[in-house]
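To start, the structure under review is shown below, and the notes come after it.
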Amino acid sequence: MQGQGVITGNKAGITFVVMCAALMALVDITIVNVALNDIRASFGTPIDQIGWVSTGYMMANIVVIPMTGWFQRRFGFRRYFAGSIFLFTVASALCGLAWNLPSLVVFRAIQGLGGGAIIPTAQTILFGRYPKEQHGMAGGLFGLGAVTGPLLGPTIGGYLIDWSSWHWCFLVNVPLGILSIILALRFIEEPNFSPSKQPVDTFGIVLLAVGMASLQYVLEEGNRESWFENNLIAVLAGVAVCALVTFVVHQLETEHPIVDLRIFKNRTYAAGTGINLLMGLALFSGNFLFALYCGSILRYAALDIGKVFLVSGAFQIVLMPLVGRFGGKFDQRVLLAFGIAGVAFSLWMNAHLTDRSGFGDLVQSMFVRSVSLAFVFIPLSVMALSDVPADKRGNATGLFNLTRELGGSIGTAWMGLLVDRGTKIHMSYLSESVTPYAPLAQEQYAAIKGSIAMQAPGGPDLVPETILALKVRIQAMTLAFQDGFIKATAVFLLALLLVLALKKANPAAGGAPGAH
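The opening position of the sequence shown corresponds to residue -1 in the working numbering, with each subsequent residue numbered one higher.
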């Protein structure tokens, strides 16, 4: 329908409220990770169950993201965006008031339904409000929020817990959410919107919900449950495959799909979405490995890990708007290839970290990654989404964001498996090498024993052996982390092949009517 998808209203006001809401949702993803230990202690929860606080959120999140386009057509951007923020805000308040783990998991799932809708809808609104020749700036502004949220989350979470308690990691969203709802209703306008009269594809919704929730559960819990050795994981994996394959066939055949998969006929969009999948896989897995390495090998506290991300990523906050503003003067494919190569190089730098690496080494590699990401986020979103018709952009943006989230879940699960198995393999190899007759082992043993003798004369001989065994395990884990970073590097370099399938962006071609 002509005019559908057109956003009007005060551009500065819309930009502010969209970034504020997206930042709130993005901060929440990482801020909670810092609070997991405190939540576990507060509820007396076993360590193998606390992960449900994140799993419940992500399962709901990944179910709703692909359906955002349908909801936008049904209710309009203004109402759907404000409604999603309202749901997220209420759920945040309930999370802060949770009385046990089951109640918190339920409230987190509700929060995930709101958060999953906020981010793709915010991006669609920005692209709808800015004319096509300014989509680079729109992408830069959205990218600014997309990278600032994960950077600030761990640091804010650490300070809130030190200041008060884990409850405030959720309650802090309430005033921000209320402000965002008021501003969204005040500034966002859709003069030509008329609700979609298409019948509800109930069968498609059920297939999507069952398939995506099952897949997310398998990816989140598979490594902890020994993958397909666990009957539940095996069954849910089968359910996910059957449901999602049936969903794809159904969506291509039905007259009124809940998710329009025909958008992938657009070659540039399909290639951009493929790059986004690989980016999510490599980036999420790389950050997961990096944080795990800092905590388990270097023994950094959560707040210290957050400082590494904050210090290394601070320049990105300045760079994002600049790339958005001036990037249109260059071939977007060249900028994207440069960014992909830079991110891959930063992952390769991570592969050379050891148990003796210092704060400067950590910041150096993460600084390269943060700068490079500015040249990935903006050109990728501009090329993938700018040529999509305005009335299909909501659907396209939802799928675009879904691929990144799905890639992240796959990458995190994959790296968890690699580190676990890699540590065992390297432990076996190193244990065979560390014998009483190995010169290096004898040297280490003598050094440890001499150090203990100086600090505690007459100490037991068993202590040096225990410390030496710990050193072997740390070395095995370090080698496993290095292997993981190398594999993440290789995966992200594959994205360079997909860059060749992208068409050169033409930001001067004009935008959607009324977008100025």
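From the three backbone atoms N, C-alpha and C, an ideal C-beta is built for every residue, glycine too.
All of these numbers come straight from a predicted model, not from anything done at the bench.
Quick one: measure Cβ to Cβ for residue i and residue j, integer angstroms, because I've assumed they're closer than 8 Å.
{"i": "Val237", "j": "Asn393", "result": "With 8 Å as the limit, Val237 and Asn393 do not qualify as a contact, their Cβ atoms being about 25 Å apart."}
{"i": "Thr28", "j": "Gln70", "result": "About 26 Å; that fails the 8 Å criterion."}
{"i": "Leu21", "j": "Thr146", "result": "6 Å"}
{"i": "Thr179", "j": "Ala80", "result": "In the sequence as presented, Thr is not what sits at residue 179; that position holds Ile. At roughly 5 Å, the Cβ-Cβ gap stays under 8 Å, so Ile179 and Ala80 are in contact."}
{"i": "Asp418", "j": "Asn221", "result": "6 Å"}
{"i": "Pro197", "j": "Leu24", "result": "Contact flag wrong, Cβ pair sits at about 34 Å."}
{"i": "Leu193", "j": "Arg38", "result": "It should be noted that the sequence gives Pro, not Leu, for residue 193. With 8 Å as the limit, Pro193 and Arg38 do not qualify as a contact, their Cβ atoms being about 45 Å apart."}
{"i": "Met17", "j": "Leu139", "result": "6 Å"}
{"i": "Arg106", "j": "Gly151", "result": "Their Cβ separation, rounded to whole angstroms, is 15 Å, which puts Arg106 and Gly151 out of contact at 8 Å."}
{"i": "Leu383", "j": "Gly278", "result": "Not confirmed; about 16 Å, so no contact."}
{"i": "Met425", "j": "Ala474", "result": "4 Å"}
{"i": "Ile5", "j": "Arg127", "result": "4 Å"}
{"i": "Ile63", "j": "Gly114", "result": "5 Å"}
{"i": "Glu218", "j": "Gly74", "result": "Going by Cβ atoms, the distance from Glu218 to Gly74 rounds to 33 Å, so no, they are not a contact pair."}
{"i": "Val51", "j": "Val103", "result": "6 Å"}
{"i": "Gln249", "j": "Leu234", "result": "Wrong, their Cβ atoms sit about 22 Å apart, outside the cutoff."}
{"i": "Val361", "j": "Phe313", "result": "That pair is no contact at about 11 Å."}
{"i": "Leu287", "j": "Phe479", "result": "6 Å"}
What residue from the options has the CA that sits closest to residue i's CA?
{"i": "Leu494", "options": "Val332, Leu279, Leu205, Gln109", "result": "Val332"}
{"i": "Phe201", "options": "Gly293, Thr6, Val246", "result": "Val246"}
{"i": "Phe185", "options": "Ile12, Arg38, Leu242, Gly304", "result": "Ile12"}
{"i": "Thr153", "options": "Thr421, Phe479, Asp353, Val309", "result": "Val309"}
{"i": "Ser224", "options": "Gly414, Ser426, Ala478", "result": "Gly414"}
{"i": "Glu516", "options": "Leu500, Trp412, Pro377", "result": "Outside the shown range of the chain (-1 to 514) lies residue 516, about which nothing can therefore be said."}
{"i": "Phe273", "options": "Thr6, Ile484, Phe490, Cys167", "result": "The sequence as given places Ile at residue 273; Phe does not occur at that position. The shortest Cα separation from Ile273 among Thr6, Ile484, Phe490, Cys167 belongs to Phe490."}
{"i": "Gly284", "options": "Ala207, Val497, Trp346", "result": "Trp346"}
{"i": "Thr476", "options": "Asn264, Asn399, Gly67, Ile295", "result": "Ile295"}
{"i": "Val30", "options": "Arg354, Glu188, Cys167", "result": "Cys167"}
{"i": "Leu400", "options": "Ile472, Ile117, Tyr157, Ser101", "result": "Ile117"}
{"i": "Ala280", "options": "Arg402, Leu213, Val62, Gly293", "result": "Arg402"}
{"i": "Ala120", "options": "Tyr78, Gly155, Leu150, Leu99", "result": "Tyr78"}
{"i": "Leu498", "options": "Gln480, Ala335, Val366, Ala10", "result": "Ala335"}
{"i": "Gln215", "options": "Phe125, Thr487, Ile60", "result": "Here residue 215 is Tyr; the residue named in the question, Gln, does not match the sequence. For the residues Phe125, Thr487, Ile60, the minimum Cα distance to Tyr215 belongs to Ile60."}
{"i": "Ala299", "options": "Gln473, Gly155, Val208, Met277", "result": "Gly155"}
{"i": "Val243", "options": "Lys469, Ala312, Leu230, Met210", "result": "Met210"}
{"i": "Thr66", "options": "Lys469, Lys485, Phe483, Lys390", "result": "Lys390"}
{"i": "Arg367", "options": "Phe125, Val341, Val386, Leu206", "result": "Val341"}
{"i": "Leu371", "options": "Phe343, Thr395, Val380, Ile338", "result": "Ile338"}
{"i": "Tyr291", "options": "Asp481, Pro100, Lys9, Ala10", "result": "Asp481"}
{"i": "Leu181", "options": "Leu351, Ser101, Leu206, Phe14", "result": "Phe14"}
{"i": "Phe483", "options": "Phe313, Thr266, Ser344", "result": "Ser344"}
{"i": "Ala33", "options": "Phe75, Gly143, Leu416, Gly94", "result": "Gly94"}
{"i": "Val380", "options": "Met364, Val369, Phe398, Ser363", "result": "Phe398"}
{"i": "Ala488", "options": "Gly7, Ala478, Leu276, Ser363", "result": "Leu276"}
{"i": "Arg265", "options": "Ser363, Glu187, Val386, Leu85", "result": "Val386"}
{"i": "Lys485", "options": "Phe125, Leu416, Val470, Leu500", "result": "Leu416"}
{"i": "Thr252", "options": "Ile203, Phe286, Trp97, Phe125", "result": "Ile203"}
{"i": "Ile83", "options": "Ala241, Leu320, Ala19, Cys240", "result": "Ala19"}
{"i": "Thr395", "options": "Phe324, Leu301, Ile261", "result": "Ile261"}
Just grab the DSSP bridge partners of residue i for me.
{"i": "Thr66", "result": "None; Thr66 has no bridge partner."}
{"i": "Glu187", "result": "Thr6"}
Tell me, please, whether the CB atom of residue i is closer than 8 Å to any CB atom in chain C?
{"i": "Thr421", "result": "This model lacks chain C altogether; it includes just one protein chain."}
Does the ligand NAD have even one heavy atom less than 7 Å from the beta-carbon of residue i?
{"i": "Tyr157", "result": "As presented, the structure is devoid of all ligands, the ligand NAD included, so that no description of it is given."}
**Item:** Validate contact between the segment 82 to 100 and the segment 169 to 185 using beta carbons, cut 8 Å, 3 pairs
**Value:** yes
**Message:** Within 8 Å, do at least three Cβ pairs link the segment 398 to 409 to the segment 145 to 165?
**Reply:** no
**Item:** 3-residue-minimum beta strand (DSSP E) runs that sit fully inside the segment 237 to 265, ordered along the chain
**Value:** none
**Prompt:** Any contact of the segment 268 to 288 with the segment 102 to 113, i.e. 3+ C-beta pairs under 8 Å?
**Reply:** Because the criterion of three Cβ pairs below 8 Å is not met, the segment 268 to 288 and the segment 102 to 113 do not touch.
**Residue ranges of each beta strand (DSSP E) within the segment 347 to 415, 3 or longer** = none
**Item:** Runs of alpha helix (DSSP H) lying entirely within the segment 276 to 358, each at least 4 residues, in chain order
**Value:** 300 to 324, 330 to 348
**Prompt:** Which ranges would you report for the alpha helix (DSSP H) in the segment 92 to 143 if only whole runs of at least 4 residues count?
**Reply:** 99 to 127
**Request:** Just list the alpha helix (DSSP H) runs in the segment 191 to 228, keeping only unbroken ones of 4 residues or longer that don't cross its boundaries, in chain order.
**Result:** Secondary structure within the segment 191 to 228: the alpha helix (DSSP H) runs of 4 or more consecutive residues, fully enclosed, are 200 to 219 (chain order).
**Cβ contact (3+ pairs, closer than 8 Å) linking the segment 123 to 143 and the segment 370 to 387** = Contact holds: three or more Cβ-Cβ distances are below 8 Å.
**Asked** Contact between the segment 353 to 365 and the segment 297 to 308: three or more CB pairs below 8 Å?
**Response** yes
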